[in-house]
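Taken in order, the sequence shown gives residues 199 to 375; the numbers are from this note's numbering.
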Amino acid sequence: MVERKKNFLKRFLAHHTLRKREAKWIIDYWLRHPEKLGNVHFVTNASVSPRSLVMTAYGFEGEPFRYRRGDLITVNPEKAYHDIRLHDGTIYVELNFQGMMIDESWIDIVELNPFEPVAEIKDEVTNSAQTVIRASVAQFEEERLLVEIDEALDRRDEKLFRNLTSKLHQVRASKLF
199 MVERKKNFLK RFLAHHTLRK REAKWIIDYW LRHPEKLGNV HFVTNASVSP RSLVMTAYGF
259 EGEPFRYRRG DLITVNPEKA YHDIRLHDGT IYVELNFQGM MIDESWIDIV ELNPFEPVAE
319 IKDEVTNSAQ TVIRASVAQF EEERLLVEID EALDRRDEKL FRNLTSKLHQ VRASKLF
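Given below as structure tokens:
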């Protein structure tokens, strides 16, 4: 699991920019000290946990950064970085980024938050499943339309081509990512 977390974090940093740039220090720290990743649990709704970290990438609405350890709460990534280095122990991390609900490497490492009320977990799992299904259907529809567009071009059917292209634009506009 540690290796999967490490690979995810590397990929995350390669494709996303955190809204608080100093927050990257924390991820870099974990990548330099992978033994610490055993205590890092990636969850949704980390704010209900006694020790939590919320980091948000550009392109996603929400709180840019928040760290909590007991009664200590800060929105300063530098303070959080030093506190995380000085205090070992379990930490629940919520990473918010565009496309997260269909990102296979995120889904592979995300865990159930033991502090989250069960009803909320069920709703969130249902919503996540629905999001994945909608994205899969949209992807399938896009691929189907591309094949039909190719066939229309081969037959030189301009009317069908324009109709299918219009549908393709609608499918792409409705995508979540």
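The beta-carbon is built from N, C-alpha and C at its ideal position, and this holds for glycine as well.
As assigned by DSSP and simplified to three states, the class of residue i
| i | result |
| --- | --- |
| residue 253 | strand |
| residue 365 | helix |
| residue 242 | coil |
| residue 217 | coil |
| residue 291 | strand |
| residue 263 | strand |
| residue 310 | coil |
Residue i classed as buried or exposed, judged by whether at least 16 other C-beta atoms fall within 10 angstroms
| i | result |
| --- | --- |
| residue 252 | buried |
| residue 233 | exposed |
| residue 357 | exposed |
| residue 371 | exposed |
| residue 239 | buried |
| residue 367 | exposed |
| residue 277 | exposed |
| residue 285 | exposed |
| residue 338 | exposed |
| residue 294 | buried |
| residue 143 | Since the first residue of the chain shown is 199 and the last is 375, residue 143 is not available in this structure. |
| residue 292 | buried |
| residue 290 | buried |
| residue 231 | exposed |
CA-to-CA distance, residue j to residue i, given in whole angstroms
| i | j | result |
| --- | --- | --- |
| residue 307 | residue 331 | 19 Å |
| residue 353 | residue 335 | 27 Å |
| residue 346 | residue 362 | 7 Å |
| residue 287 | residue 208 | 22 Å |
| residue 206 | residue 343 | 32 Å |
| residue 274 | residue 217 | 12 Å |
| residue 247 | residue 264 | 12 Å |
| residue 223 | residue 229 | 10 Å |
| residue 313 | residue 322 | 14 Å |
| residue 305 | residue 281 | 28 Å |
| residue 279 | residue 237 | 15 Å |
Distance between beta carbons of residue j and residue i, contact taken as under 8 Å
| i | j | result |
| --- | --- | --- |
| residue 283 | residue 267 | Actually they do not touch by this definition, with Cβ atoms about 12 Å apart. |
| residue 311 | residue 244 | 7 Å |
Residues near residue i in its chain [Cβ-Cβ closer than 7 Å; skip 5 each side]
| i | result |
| --- | --- |
| residue 261 | 252, 254 |
| residue 235 | 200, 203, 204, 228 |
| residue 340 | 366, 369, 370 |
Sequence-distant residues of the same chain with beta carbon closer than 6 Å to residue i, five excluded per side
| i | result |
| --- | --- |
| residue 309 | 239, 241 |
| residue 300 | 330, 333 |
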